[in-house]
Ligand code: 1GP
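Numbering (the numbering used here), first residue to last: 1 to 251.
In structure tokens, the structure reads:
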């Protein structure tokens, strides 16, 4: 089963997914050991690996993570340097909310031959930056403006454009460590208009915020920062996502 089929299957049975985002630069040996311990008890639905700027060896990191988990390990690359053949798939991202051609198509042209050569599953993903209340790394590194968080019509039109262009996933991103996560109204409006799975991330650092994103309609919620600070929270966050799945199937 491909990673995309795995996502579609879970979505088909109304199961919400938690993606644990691991930035290789943020996991030193001590943190990695803690991560390994927690993963013995709690497994997320997916592991994403990447960051706006990664200096560590992503391929090696992915290999180590794969020894700990029995769920797909998916690259979430900030740029082409983070391609790693050991991953199960790569989010083939185009920053469709931005107007910087380098992140709309430039990086993708450089990455495409390597993706073909490696033979890794590439999942076309429309990546949308939504203003999260402060300048985040992704905004700075991509040199692109986020969509204002109250411009729901622009977010919906952008998401629709992504779907019509043939993208398989949409990623609504407030940016790592965002002060404000993507507003519920934006999530709900986008989910209402598109039929492809919707990922939401950025600033989801409490169970309440995770549940709210999930209840607004996100299929996959991504948590990075909060779990870098305390990986033990993975258990609580997984429960929040599981109870959202149950809640939605009752509704
Ligand atoms: C960032 O969406 C992810 O790309 C996760 O954000 O680190 O704030 O959880 P956080």
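From the three backbone atoms N, C-alpha and C, an ideal C-beta is built for every residue, glycine too.
Note that the coordinates shown come from a computational prediction; the quantities given were computed from them, not determined experimentally.
At which residues does the alpha helix (DSSP H) containing residue i begin and terminate?
i, result
"residue 189", "184-193"
"residue 48", "Unbroken run through residue 48 is the beta strand (DSSP E), 46-49; no alpha helix (DSSP H)."
"residue 82", "Element bounds for residue 82: n/a, residue is neither H nor E."
"residue 161", "152-164"
"residue 138", "137-142"
Is the separation between the beta-carbon of residue i and that of residue j shorter than 7 Å?
i, j, result
"residue 48", "residue 19", "yes"
"residue 190", "residue 156", "yes"
"residue 93", "residue 125", "yes"
"residue 46", "residue 72", "yes"
"residue 133", "residue 179", "yes"
"residue 280", "residue 58", "With the chain covering only 1 through 251, there is no way to say anything about residue 280."
"residue 89", "residue 3", "yes"
"residue 75", "residue 50", "yes"
"residue 144", "residue 98", "yes"
"residue 221", "residue 210", "yes"
"residue 198", "residue 218", "yes"
"residue 162", "residue 115", "no"
"residue 231", "residue 21", "no"
"residue 123", "residue 91", "yes"
"residue 107", "residue 80", "yes"
Please report the residue range of the beta strand (DSSP E) in which residue i lies.
i, result
"residue 39", "First-last for residue 39: 29-41, but that is the alpha helix (DSSP H), not the beta strand (DSSP E)."
"residue 121", "121-129"
"residue 169", "169-173"
"residue 198", "198-201"
"residue 220", "220-223"
Mapping the DSSP letters down to three states, classify residue i as helix, strand or coil.
i, result
"residue 94", "strand"
"residue 17", "strand"
"residue 22", "strand"
"residue 76", "coil"
"residue 60", "helix"
"residue 111", "helix"
"residue 147", "strand"
"residue 89", "strand"
"residue 70", "coil"
"residue 179", "coil"
"residue 245", "helix"
"residue 116", "helix"
"residue 216", "coil"
"residue 1", "coil"
"residue 12", "helix"
"residue 231", "coil"
"residue 204", "coil"
"residue 106", "helix"
"residue 134", "coil"
"residue 52", "coil"
"residue 99", "coil"
Keeping to the same chain, check which residues put their C-beta closer than 7 Å to that of residue i; ignore five residues upstream and five downstream.
i, result
"residue 69", "39, 43 and 47"
"residue 205", "225 and 226"
"residue 255", "Nothing can be reported for residue 255: it is not among the residues displayed for the chain, which extend from 1 to 251."
"residue 66", "73 and 86"
"residue 14", "245, 248 and 249"
"residue 41", "235"
"residue 177", "136, 203 and 225"
"residue 63", "86"
"residue 165", "none"
"residue 237", "18, 207, 210 and 223"
Note down, in chain order, each residue of its chain lying with its Cβ closer than 8 Å to the Cβ of residue i, except the 5 sequence neighbours on either side.
i, result
"residue 9", "1"
For residue i, which residues in the same chain have their Cβ closer than 6 Å to its Cβ, ignoring the five residues on either side in sequence?
i, result
"residue 118", "85"
"residue 16", "214, 241, 244 and 245"
"residue 103", "95 and 142"
Three or more C-beta pairs below 8 Å linking the region 128-138 and the region 158-176: Three or more beta-carbon pairs separated by less than 8 Å link the region 128-138 to the region 158-176, which places the two stretches in contact.
Segment contact flag, the region 240-251 with the region 209-221, C-beta cutoff 8 Å, min 3 pairs: yes
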